[in-house]
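So the sequence shown is residues 0 to 308, counted in numbering that gives the first Met the number 0.
Think of the CB as a built atom: it goes at the ideal place given N, C-alpha and C, for glycine as much as any other residue.
The structure displayed is predicted, hence computed values, not measured ones.
Structure first, then comments.
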Amino acid sequence: MAASIGIAIFPSDGDTYQTLLKNADAAMYAAKGDTSSAYRFYTPDLRRTVARKPALDEDLKHALDNEEFVLHFEPQVDVKSGRVVGAEALIRWQHPERGLLSPKAFMPLAEQTGQVVAIGAWVLTQACREAAAWSDGPAGPLNVGVNVSPLQLNLPNLVEVVRDAVGNSGLAPGRLCLEITETAVIKASELNLQTLSDLHREGVILALDDFGTGYSSLSHLKDLPVDIVKVDQSFVSGVFNDPADAAITEAIITLAHGLGHDVIAEGIESQGQFDFVRRHQCNFVQGYLFSAPMPGDQLAEFVAKSRFV
Numbered sequence: 000m001a002a003s004i005g006i007a008i009f010p011s012d013g014d015t016y017q018t019l020l021k022n023a024d025a026a027m028y029a030a031k032g033d034t035s036s037a038y039r040f041y042t043p044d045l046r047r048t049v050a051r052k053p054a055l056d057e058d059l060k061h062a063l064d065n066e067e068f069v070l071h072f073e074p075q076v077d078v079k080s081g082r083v084v085g086a087e088a089l090i091r092w093q094h095p096e097r098g099l100l101s102p103k104a105f106m107p108l109a110e111q112t113g114q115v116v117a118i119g120a121w122v123l124t125q126a127c128r129e130a131a132a133w134s135d136g137p138a139g140p141l142n143v144g145v146n147v148s149p150l151q152l153n154l155p156n157l158v159e160v161v162r163d164a165v166g167n168s169g170l171a172p173g174r175l176c177l178e179i180t181e182t183a184v185i186k187a188s189e190l191n192l193q194t195l196s197d198l199h200r201e202g203v204i205l206a207l208d209d210f211g212t213g214y215s216s217l218s219h220l221k222d223l224p225v226d227i228v229k230v231d232q233s234f235v236s237g238v239f240n241d242p243a244d245a246a247i248t249e250a251i252i253t254l255a256h257g258l259g260h261d262v263i264a265e266g267i268e269s270q271g272q273f274d275f276v277r278r279h280q281c282n283f284v285q286g287y288l289f290s291a292p293m294p295g296d297q298l299a300e301f302v303a304k305s306r307f308v
């Protein structure tokens with residue numbers, strides 16, 4: 000159990016008990032949504048955020064029915080061949096008034112309200128449909144990565160949901176990669192772990208996302224039915240200015256390979272970072288050095304024309 004603390008200071012943040020309590024409450028909810036901090040000080044910006052939240056909450060309830068969600072895809076490159084071999088599906092909300100919103104703007108709210116389950120099911124279904132369509136175009140068959148939230152992992156029928164998404168789209172199970180964060184795995188029950196094993200038996204690829212950020216024991220990696228380990232961007236970004244990040248990145252690649260897993264390095268933004276992970280035999284890479292996430296119809300053309308060596 001973790002505590003989230005909101006702090007409001009008299010008199011700058013309010014000169015009455017009621018105002019201080021309301022502002023401290025706003026800061027507390029901001030702390031809940033910030034995984035890097037257990038506490039937040041109140042700022043005027045938080046008041047505006049809290050004021051907007053009810054309206055955004057109401058809009059979010061209707062976003063699925065109004066078909067306002069879209070997927071963008073971040074290309075994943077095979078290090079040896081330099082070819083794009085897959086893409087990670089990332090949700091965006093085409094809000095009718097606020098424009099294109101990134102997941103950070105609405106997914107924490109979706110998790111708080113439980114809507115993340117329905118949204119996650121839509122992402123899975125839509126990603127499988129779009130990936131299946133790529134096979135008939137210039138891009139050819141590509142893998143597609145889909146993030147699975149902790150709430151989705153708790154679903155007793157997750158295997159059936161995945162099976163239906165794959166079957167109805169015509170996508171081969173081996174083309175779907177489900178990405179589960181290390182933190183979710185640490186908190187997973189025996190039933191959740193059985194679900195992962197069942198998904199693996201279905202032929203779906205499983206990836207452990209953000210590895211190294213959740214402080215799990217190595218026994219988790221040894222025992223999990225995963226095929227891919229993803230090195231978090233927080234380590235990759237520091238390989239040239241922080242010896243610890245360089246050592247951790249190298250160690251994760253070596254460890255994963257020793258256990259028979261492939262490795263994807265996330266957040267590659269410079270040629271130097273690419274050269275570093277390539278030198279240490281990383282299998283796949285993704286990041287803005289290669290491309291920002293893009294709509295699926297643009298991805299097919301991008302794949303046909305692109306090669307990175």
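{"Check": "Hey, which unbroken runs of the beta strand (DSSP E) at 3 residues or more fall wholly within the region 98 to 155?", "Outcome": "98 to 100, 142 to 147"}
{"Check": "Which of helix, strand or coil does DSSP assign to V203?", "Outcome": "coil"}
{"Check": "Rounded to whole angstroms, what's the CA-CA distance from Y38 to A7? Just pull it up for me.", "Outcome": "11 Å"}
{"Check": "Suppose you measure from the CA of P140 to the CA of H279; what does that come to, to the nearest Å?", "Outcome": "27 Å"}
{"Check": "Given this structure, state the Cα-to-Cα distance separating L198 from P292, to the nearest angstrom.", "Outcome": "27 Å"}
{"Check": "T248 and V276 look like a contact to me (Cβ under 8 Å); what is the Cβ gap, rounded to whole Å?", "Outcome": "7 Å"}
{"Check": "Closest by CA to E96, which one among A264, E67, N22?", "Outcome": "E67"}
{"Check": "Which residue comes first and which comes last in the beta strand (DSSP E) that contains V84?", "Outcome": "83 to 94"}
{"Check": "Assuming L89 contacts L63 (C-beta within less than 8 Å), just tell me the rounded distance between them.", "Outcome": "Going by Cβ atoms, the distance from L89 to L63 rounds to 17 Å, so no, they are not a contact pair."}
{"Check": "Count the other CB atoms, across all protein chains shown, that sit within 10 Å of the CB of F239; report buried if there are 16 or more and exposed otherwise.", "Outcome": "exposed"}
{"Check": "Whose CA, out of L20, H61, L55, A54, lies closest to the CA of Y41?", "Outcome": "L20"}
{"Check": "Quick one: what does DSSP say S42 is sitting in, helix, strand or coil?", "Outcome": "Looking at the sequence itself, residue 42 is Thr, so the reference to Ser does not match. Of the three classes helix, strand and coil, the one that applies to T42 here is coil, per DSSP."}
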